[in-house]
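Chemist: My questions all concern the structure below.
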Amino acid sequence: MSRKRKLNNSFISTEGPIFHYSGRLALPIYEREIFNTVKNGIKEEKSFVIHGPYQSGKTSFLIALEEMLREHHLNVARFDMTDVKGHIIQYGARGGFFRYLSRHLFRETVDELSFNEYLSEFKDRLYLLVDEFQYIFESQELYNASSDFFRSLSSKNVTYVCVGTFKVVDLLSDDNPLGSPYNKATFLPMPFFTTEELGKLFRLYSEFFDEIIPIDIQSVIMRESFGHPASFMILLKLYHDYRTNSPIEWNLLLKENLENYLNGTHVKIIKALRRMNSTDLAHVRGFTAIKDGSWIVDLSNLSEIVKYLLNIGILVPLTKDRSLRGANRVSFTSNVIFRVVFREVWPKPGNSLQIQDVKDPLSLLAHALQNITPATIINERVRNLHGPSEKAFQAAVFCVINELLPISMDCLFEVRIREHEALDLMVIQNNNNWCGYEFKVEKISSAQFKDPVKQAKRYAEYFRMNIYLVNFYHDGGSTPAVINVPEDVTLVNVKYNAGCTKFTINTIDNEISINVS
Numbered sequence: 001m002s003r004k005r006k007l008n009n010s011f012i013s014t015e016g017p018i019f020h021y022s023g024r025l026a027l028p029i030y031e032r033e034i035f036n037t038v039k040n041g042i043k044e045e046k047s048f049v050i051h052g053p054y055q056s057g058k059t060s061f062l063i064a065l066e067e068m069l070r071e072h073h074l075n076v077a078r079f080d081m082t083d084v085k086g087h088i089i090q091y092g093a094r095g096g097f098f099r100y101l102s103r104h105l106f107r108e109t110v111d112e113l114s115f116n117e118y119l120s121e122f123k124d125r126l127y128l129l130v131d132e133f134q135y136i137f138e139s140q141e142l143y144n145a146s147s148d149f150f151r152s153l154s155s156k157n158v159t160y161v162c163v164g165t166f167k168v169v170d171l172l173s174d175d176n177p178l179g180s181p182y183n184k185a186t187f188l189p190m191p192f193f194t195t196e197e198l199g200k201l202f203r204l205y206s207e208f209f210d211e212i213i214p215i216d217i218q219s220v221i222m223r224e225s226f227g228h229p230a231s232f233m234i235l236l237k238l239y240h241d242y243r244t245n246s247p248i249e250w251n252l253l254l255k256e257n258l259e260n261y262l263n264g265t266h267v268k269i270i271k272a273l274r275r276m277n278s279t280d281l282a283h284v285r286g287f288t289a290i291k292d293g294s295w296i297v298d299l300s301n302l303s304e305i306v307k308y309l310l311n312i313g314i315l316v317p318l319t320k321d322r323s324l325r326g327a328n329r330v331s332f333t334s335n336v337i338f339r340v341v342f343r344e345v346w347p348k349p350g351n352s353l354q355i356q357d358v359k360d361p362l363s364l365l366a367h368a369l370q371n372i373t374p375a376t377i378i379n380e381r382v383r384n385l386h387g388p389s390e391k392a393f394q395a396a397v398f399c400v401i402n403e404l405l406p407i408s409m410d411c412l413f414e415v416r417i418r419e420h421e422a423l424d425l426m427v428i429q430n431n432n433n434w435c436g437y438e439f440k441v442e443k444i445s446s447a448q449f450k451d452p453v454k455q456a457k458r459y460a461e462y463f464r465m466n467i468y469l470v471n472f473y474h475d476g477g478s479t480p481a482v483i484n485v486p487e488d489v490t491l492v493n494v495k496y497n498a499g500c501t502k503f504t505i506n507t508i509d510n511e512i513s514i515n516v517s
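Mapping of the sequence shown onto UniProt numbering: residues 1 to 517, in sequence order.
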């Protein structure tokens, strides 16, 4: 792997490439479709509430909107709702809210009784831009005060644009008998980068540095970021500092260095996960084990845990630019955030192996199964009909192997050979390929093994190493058929009991019995 570069590090900010700060790689927000949608809407005196995860460009959007309005010599006030905290401490939620707001709007402090009178005196339309709008849910009193204020705006010469996390979507279901104060506002998601916008950023990078990022790495960064602005920039900066063209080196780079590039949002996510109880953590583990990476939900009737994960930016509802499968689906905000969550919610052993303990891939698999936490894979949220899912076994084994391996060895997660095909786990030793593991469940007949064997063969040829095709099947059922496999593929059938406390590893030459400690 090439040594770290120091050139022009300030050009790429991991805060996200939305607004044109001097000397930074960025996309001007006024070139984005949502900016023009809102710009045209406010010309017609429409108001907007925009929601998106942290660092998806919401603040930069407001800054650009403010600049545009001021260029037209319009009356603009922009503030961050969290800045009301100090006034709330001194005057209470309601009194503090109106005092804080009056200073921003009228340049003097007035109480609530005088507020409406002052607001009615505006001859020119006021454009009110509010950041961190989800803060109004901090207390019921603050929520009531802000609701009364925004309800009063329907008869005033005021247009507002508020941005916040997914929490602000709750404003649509306000059960106030007078109706929602925001029922005249248009609610929009803050869109992630489209493929075209990501391509433009890559071109801007190439123009600045006079070099082209390899197309394979561009594809990886696009896929890992899901178009989330901050995640995209984290990955681009990682490439910029450690140039690599190999998928294996890239996976190793992510494993060893990603944590150093994470920003405050990811720290918030880790803290939120560590405050969760065991039941909620089991839910989150279940989400990391969903095979296709997105799943169907009823966005009008979300469970509390899904709503919470959306509110803190771990999950995001899929929109047209992120999915071909339509509405009512959610996914992780990006693979960067997925990796952060994955590391936190799956248990790890406290011990590690010596190099002499890792005799071969079978012995390593045996050590891994002996150290898994059964409760994490038998939970109903990660189960198929007969037992744990492929993704559950993959996640549990990876997290254990990742901790068990001696210093000279590493385990990589989902190393891709093409867009929709990735080897489950790859183990390397001294940066050389050692073995790969591909997990399947409940393959019994010869016909069921046909495609998995072909897939394992493709991995073996691509990575030029032996692939262990590991098939988990529950005891009490049928025994898998004996089949022939290519020379560079080893078929391993692993029988497990209902509690996943006993495993029996079978190959043509070996049988290993394991009791989970």
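Yeah, the Cβ is synthetic: ideal placement off N, Cα and C, and Gly gets one too.
Pull up the distance between the alpha-carbon of Gly326 and that of Asn75, whole angstroms please.
Modeler: Confidence in Gly326 is poor, its pLDDT being 48 and thus under 50, which makes the residue's placement too unreliable to answer from.
Chemist: Between the region 201 to 221 and the region 63 to 83, do at least 3 Cβ pairs fall closer than 8 Å?
Modeler: At 8 Å Cβ cutoff, the stretches do not touch.
Chemist: Once the 5 residues before and after Arg99 are set aside, which same chain residues still bring their CB inside 6 Å of it?
Modeler: Here the set comprises His87, Tyr91 and Thr109.
Chemist: Tell me, please, whether the region 452 to 465 touches the region 346 to 358 by the rule of three or more beta-carbon pairs shorter than 8 Å.
Modeler: Cβ pair count under 8 Å is below three, so no.
Chemist: Using a Cβ-Cβ cutoff of less than 6 Å, which residues in the same chain neighbour Asn433 once the five nearest sequence positions on both sides are dropped?
Modeler: Counting only Cβ-Cβ distances below 6 Å, and skipping sequence neighbours, we find Phe463 and Met465.
Chemist: Pick helix, strand or coil for Phe97, following the three-state DSSP scheme.
Modeler: In the structure shown, Phe97 sits in a helix (DSSP, three-state: H, G or I).
Chemist: What are the partner residues of Asn432, as DSSP defines its beta bridges?
Modeler: BP columns for Asn432 point to Gln429.
Chemist: Any chance you could list the alpha helix (DSSP H) runs of at least 4 consecutive residues sitting entirely within the region 403 to 478, in chain order?
Modeler: Within the region 403 to 478, the complete alpha helix (DSSP H) runs of at least 4 residues are 446 to 463.
Chemist: Under a Cβ-count criterion, where at least 16 other Cβ atoms within 10 Å of its own Cβ denotes burial, should Ser225 be classed as buried or exposed?
Modeler: Buried is the call here.
Chemist: Give the DSSP-derived three-state secondary structure of Tyr496 in the structure shown.
Modeler: If DSSP states are grouped into helix, strand and coil, Tyr496 belongs with the strands.
Chemist: Under a Cβ-count criterion, where at least 16 other Cβ atoms within 10 Å of its own Cβ denotes burial, should Lys6 be classed as buried or exposed?
Modeler: Here the model assigns Lys6 a pLDDT of 43, short of 50, so the residue's position is not dependable, and the following value carries that caveat. Exposed, by the Cβ-count rule.
Chemist: Give the straight-line distance between the Cα atoms of Glu44 and Pro189, rounded to the nearest whole angstrom.
Modeler: Approximately 20 Å, taken between the alpha carbons.
Chemist: Which residues in the same chain as Phe35 place their Cβ atom closer than 6 Å to its Cβ, once the five residues preceding and following it in sequence are excluded?
Modeler: Cβ neighbours of Phe35 beyond the five flanking positions: Ile29.
Chemist: Please give me, in chain order, every unbroken run of the beta strand (DSSP E) with length at least 3 that falls completely inside the region 238 to 323.
Modeler: Entirely contained in the region 238 to 323, the beta strand (DSSP E) runs reaching 3 residues are, in chain order, 294 to 296 and 315 to 317.
Chemist: Quick one: give me the first and last residue of the alpha helix (DSSP H) that Gly86 is part of.
Modeler: Where Gly86 is concerned, the enclosing alpha helix (DSSP H) stretches over Lys85 to Tyr91.
Chemist: Just reading off the beta strand (DSSP E) that Pro480 is part of, what are its end residues?
Modeler: Where Pro480 is concerned, there is no enclosing beta strand (DSSP E), given that its DSSP letter is neither H nor E.
Chemist: Is it buried or exposed for Ile372, if we count other Cβ within 10 angstroms and need 16 for buried?
Modeler: Buried: at least 16 other Cβ atoms inside 10 Å.
Chemist: Taking the straight line between their C-alpha atoms, what separation do you get for Ser331 and His228?
Modeler: Distance between the alpha carbons of Ser331 and His228: 12 Å.
Chemist: Looking only at DSSP bridge pairs, what is Phe115 linked to?
Modeler: Answer is none; Phe115 lacks a bridge partner.
Chemist: Quick check: the region 273 to 281 against the region 112 to 131, are at least 3 beta-carbon pairs closer than 8 Å?
Modeler: With a cut-off of 8 Å, the region 273 to 281 and the region 112 to 131 do not count as touching, because too few Cβ pairs lie within range.
Chemist: So, using beta-carbon positions, are Ala272 and Ile305 closer together than 8 Å?
Modeler: No; because the gap between Cβ atoms is not below 8 Å, this pair is not in contact.
Chemist: Where Leu318 and Asn116 are concerned, what is the direct C-alpha to C-alpha distance, given to the nearest angstrom?
Modeler: Near 40 Å, if we compare the C-alpha coordinates of Asn116 and Leu318.
Chemist: If you measure between the beta carbons of Gln394 and Thr265, is that distance less than 8 Å?
Modeler: Against a cut-off of 8 Å, the Cβ pair of Thr265 and Gln394 comes out as no contact.
Chemist: Looking at Arg285 and Thr376, is the spacing between their C-beta atoms short of 8 Å?
Modeler: Going by C-beta atoms, Thr376 is nearer than 8 Å to Arg285.
Chemist: Helix, strand or coil, according to DSSP, for Phe149 in the structure here?
Modeler: Looking at Phe149 - three-state DSSP - the assignment turns out to be helix.
Chemist: Around the C-beta of Thr490, are 16 or more other C-beta atoms found within 10 angstroms, so that it is buried, or is it exposed?
Modeler: When all chains shown are included, Thr490 counts as buried.
Chemist: If you run the structure through DSSP and keep just helix, strand and coil, what is Phe193?
Modeler: If DSSP states are grouped into helix, strand and coil, Phe193 belongs with coil.
Chemist: Flag this pair as yes or no: are the beta carbons of Leu25 and Leu201 separated by less than 8 Å?
Modeler: It is a contact, given that the beta carbons lie within the stated cut-off.
Chemist: For Asn257 and Val169, what's the separation of their Cα atoms in angstroms?
Modeler: C-alpha separation (whole angstroms): 35 Å.
Chemist: DSSP on Ala26, reduced to helix/strand/coil?
Modeler: Coil.
Chemist: For the alpha helix (DSSP H) that contains Lys43, what are its first and last residues?
Modeler: Its alpha helix (DSSP H) spans residues Glu33 to Lys43.
Chemist: Starting from Asn506, follow the beta strand (DSSP E) in both directions and report where the run begins and ends.
Modeler: Note, Asn506: beta strand (DSSP E), Lys502 to Asn506.
Chemist: For Ala343 and Cys399, I'd like the C-alpha separation in whole angstroms.
Modeler: Note on residue identity: the sequence assigns Arg, not Ala, to residue 343. The alpha-carbon atoms of Arg343 and Cys399 are separated by roughly 8 Å.
Chemist: Rounded to whole angstroms, what is the Cα-Cα separation between Ser219 and Leu310?
Modeler: Their Cα atoms are separated by approximately 26 Å.
Chemist: Among Phe166, Leu62 and Pro480, which one has its Cα closest to the Cα of Leu302?
Modeler: Nearest of Phe166, Leu62 and Pro480 to Leu302, Cα basis: Phe166.
Chemist: For Phe122, which residues of its own chain have a beta-carbon under 6 Å away from its beta-carbon, when the five flanking residues on both sides are left out?
Modeler: For Phe122, where only same-chain residues beyond five positions count, the Cβ hits under 6 Å are Asn157.
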